[in-house]
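A short worksheet on the structure shown next.
In this note's numbering, the protein residues as written are 1122 to 1275.
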């Protein structure tokens, strides 16, 4: 009688962590693209294309929405997938900076609005460069934390 080969069980937490990390990465790339579109529409407005201001305003609202979902994905990655904390903190920082950016734009504080926008775009690009590491477990190894604790107890 033939027996089936033993296949090790896939860690469901590692699978969740990978899915959440992929979702976080996709959303973070979207945030970066919207930030880039914001800089283009701001440049068009400052060059005399006053219609670009309405697109700039719509994209600001879109950025808020995408950042909220990115924060949700980062939270799921951290607490449900047992991932790292930095994606959540980085996204929260961008969300707070985005609110300051919106307020500065609404108040026509161009001397704050433009440099903050450049800093936010730079931060988003840096996060995108590190986004591949977002799905690693908290301790940095490929093993789930529970199996490391069990191995140390043996």
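Backbone N, C-alpha and C define an ideal beta-carbon position, used for all residues, glycine too.
So, using beta-carbon positions, are residue 1145 and residue 1255 closer together than 9 Å?
Walking along the chain shown from the start, residue 1145 turns up at place 24. Walking along the chain shown from the start, residue 1255 turns up at place 134. Contact flag set, yes.
If you reduce the DSSP assignment to three classes, tell me which class residue 1204 lands in.
In the chain shown, the residue the question calls residue 1204 occupies position 83. DSSP places residue 1204 in strand when its eight states are reduced to three.
Please check the pair residue 1166 and residue 1173, which I expect to be a contact at CB under 8 Å, by giving their CB distance rounded to whole angstroms.
Taking the first residue of the chain shown as 1, we reach residue 1166 at position 45. Taking the first residue of the chain shown as 1, we reach residue 1173 at position 52. Separation of the CB atoms of residue 1166 and residue 1173 is rounded to 4 Å, and the pair is thereby assigned contact status at 8 Å.
Less than 8 Å between the CB atoms is what I'm expecting for residue 1155 and residue 1187, so what's the real figure, rounded?
As a working mapping, residue 1155 is identified with position 34 in the chain shown. As a working mapping, residue 1187 is identified with position 66 in the chain shown. The pair is a contact, with the Cβ atoms about 6 Å apart (cut-off 8 Å).
Close Cβ partners of residue 1137 (< 7 Å) along its chain, the five nearest in sequence each way excluded
Working through the chain shown from its first residue, we reach residue 1137 at position 16. Once the five neighbours on either side are set aside, the close Cβ partners of residue 1137 are 1201, 1202.
In chain order, what residues of the same chain lie with their CB nearer than 7 Å to the CB of residue 1195, ignoring the 5 residues before and after it?
Against the chain shown, residue 1195 aligns to sequence position 74. So the list reads 1145, 1208, 1209, 1212, once near-sequence residues are dropped.
Can you tell which of 1178, 1180, 1216, 1179 has the C-alpha that lies nearest to the C-alpha of residue 1193?
One-based indexing of the chain shown puts residue 1193 at position 72. Nearest option by C-alpha distance: 1216.
Taking the C-alpha atoms as reference points, what is the distance between residue 1143 and residue 1246?
Residue mapping note: residue 1143 aligns to position 22 of the chain shown, counting from 1. Residue mapping note: residue 1246 aligns to position 125 of the chain shown, counting from 1. Roughly 17 Å separates the two Cα atoms.
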